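These notes concern the structure reproduced below.
2 protein chains.
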Amino acid sequence: MRLMASVTSVPTSQAESIGAEAWALFLTLFGHHRRRFLIAAGEFDLHPAQAGALLNLAEPLPMHALASLLACDSSNVTGIVDRLEARGLVARQLSPEDRRVKHVMLTPAGRRLRGRLLERIGSPPEGFERLSAEDLGQLRDILRRMLAEPAGS
Amino acid sequence: MRLMASVTSVPTSQAESIGAEAWALFLTLFGHHRRRFLIAAGEFDLHPAQAGALLNLAEPLPMHALASLLACDSSNVTGIVDRLEARGLVARQLSPEDRRVKHVMLTPAGRRLRGRLLERIGSPPEGFERLSAEDLGQLRDILRRMLAEPAGS
DNA sequence: TATTGTTATACTCTATAACTATA
DNA sequence: TATAGTTATAGAGTATAACAATA
């Protein structure tokens with residue numbers, strides 16, 4: 001994707017320059033993943049937002065929680081879930097605790113489709129298998145440190 | 154995002170298990186990046202596809218090349234470029250070599266907006282600054298190996 | 001009063017197919 | 001004959017605002 005191609009940055013240290021390259025490589029990887037995701041969703045006749053919803057439904061979720069995960073307005077989730085429901089992939093369930101809330105849950109068919117989607121994009125992409133066992137260990141540890149919650153968050 | 158949460162895989166080796174965790178961490182990172190991208194695009198009144206087009210226009214590109222990078226049909230690019238052009242962010246330029254081709258290029262205003270977008274999402278996200286210089290070097294080298302073209306591609 | 005989910009609206013994205021101009 | 005870009009069309013995503021039901 002060459003997202004960084006024309007960024008004229010002036011690194012103040014070598015570490016900063018290396019970090020910039022590492023992040024540029026991440027962006028390249030994001031581009032690959034995005035295309036893989038779009039292609040896989042299309043093969044199952046799912047729009048990207050629908051595929052994203054299925055992936056986030058490992059367990060039942062209130063509508064507003066799904067909206068938050070999809071980074072879109074709640075009003076959109078109504079339509080997305082409507083269409084998934086029309087295809088028999090999800091069902092709405094009234095919450096007994098809070099009668100304002102509806103939980104969205106996968107049907108058996110929805111769970112099967114989600115599994116097939118995960119086979120396609122949940123597994124590591126081409127290139128991953130070239131990494132050594134040592135590489136994988138280092139990578140995992142570095143990503144863990146990067147994603148560790150910074151105490152107050 | 155917990156994309157891997159309910160994947161019941163049976164790792165045949167420890168390396169495979171570590172690799173699976175590393176990839177799951179990648180997916181978490183993708184989710185963070187996607188949300189950051191959507192929020193940044195919205196702040197500049199750009200739809201995601203428009204923001205993606207701007208980011209890919211570091212240099213002038215034929216319409217069909219842009220379609221390929223955005224992983225969408227050429228007919229969509231016509232509309233996306235129409236709207237960016239109406240806002241004075243890009244311009245179409247006929248190619249002198251092949252008169253079927255139109256190159257899309259940023260205007261000065263488009264270049265400024267692209268720069269501001271890159272300040273927001275082209276720079277490393279929260280968490281990156283917690284990595285040591287050694288981490289960054291290892292990460293860069295591993296990602297390089299992962300993204301290296303496998304001879305015939 | 002605040003929150004949850006829905007509806008109405010307007011605009012954009014998306015794929016498909018058909019079309020023109022060019023190669 | 002194939003390719004580049006456009007147009008027309010239909011269906012879906014998106015944000016905003018207004019609404020009813022519930023907390």
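Chains as they are written, first to last, in the working numbering: chain A, 1 to 153; chain B, 154 to 306.
Heads up, the beta-carbon is just placed ideally off N, CA and C, and yes, glycines get one too.
As the structure is a prediction and not an experimental result, all values here were calculated from the model.
Can you give the beta carbon distance from Leu-182(B) to Ala-22(A), rounded, assuming they're within the 8 Å contact cut?
-> Contact between Leu-182(B) and Ala-22(A) does not hold, since the beta-carbon distance rounds to 12 Å and is not under 8 Å.
Would you tell me roughly how many angstroms separate the C-alpha atoms of Gly-31(A) and Cys-72(A), rounded to the nearest one?
-> Roughly 21 Å separates the two Cα atoms.
Arg-114(A): buried (16+ other C-beta within 10 angstroms of its C-beta) or exposed?
-> Flag for Arg-114(A) reads buried.
Could you tell me the distance, in whole angstroms, from the CA atom of Ile-233(B) to the CA atom of Pro-278(B)?
-> Rounded to whole angstroms, Ile-233(B) to Pro-278(B) spans 28 Å at the Cα level.
Residues of chain A with CB under 7 Å from Ala-168(B), in chain order?
-> By Cβ distance, chain A contributes Ala-133 and Leu-136.
Is the closest heavy atom of the ligand ZN to the C-beta of Gly-275(B) under 7 Å?
-> This structure simply doesn't include the ligand ZN, nor any ligand for that matter.
Residues of chain B with a CB under 7 Å from the CB of Pro-124(A): which are they?
-> For Pro-124(A), the chain B residues whose Cβ falls inside 7 Å of its Cβ are Gly-172 and Trp-176, in order along the chain.
What whole-angstrom Cβ distance do Ala-204(B) and Ala-194(B) have, given they're in contact under 8 Å?
-> Taking the Cβ atoms as the reference, Ala-204(B) lies roughly 4 Å from Ala-194(B), within the contact range of under 8 Å.
State the DSSP-derived secondary structure class of Arg-245(B), mapped to helix, strand or coil.
-> Strand.
Could you tell me which uninterrupted alpha helix (DSSP H) segments, each at least 4 residues in length, are contained entirely in the segment 172–202 of chain B, listed from first to last along the chain?
-> Counting only runs of 4 or more, we get nothing.
Does DSSP put Val-77(A) in a helix, a strand or coil?
-> Reduced to three states, the DSSP call for Val-77(A) is helix.
Starting from Leu-57(A), follow the alpha helix (DSSP H) in both directions and report where the run begins and ends.
-> Careful: Leu-57(A) lies outside any alpha helix (DSSP H) and carries neither H nor E.
Compare the C-beta of Ala-40(A) with all C-beta atoms of chain B and state if any pair is closer than 8 Å.
-> Chain B contact via Cβ: absent.
Compare the C-beta of Met-216(B) with all C-beta atoms of chain A and state if any pair is closer than 8 Å.
-> Answer no: the Cβ-Cβ gap between Met-216(B) and chain A never drops below 8 Å.
Leu-259(B) - partner residues in DSSP beta bridges = Residue pairing by DSSP places Leu-259(B) opposite Val-243(B) in a beta bridge.
Answer yes or no: does any C-beta atom of chain B fall closer than 8 Å to that of Arg-145(A)?
-> At a cut-off of 8 Å between C-beta atoms, Arg-145(A) counts as an interface residue with respect to chain B.
Would you report the Cα separation of Arg-112(A) and Ala-286(B), rounded to the nearest angstrom?
-> About 44 Å.
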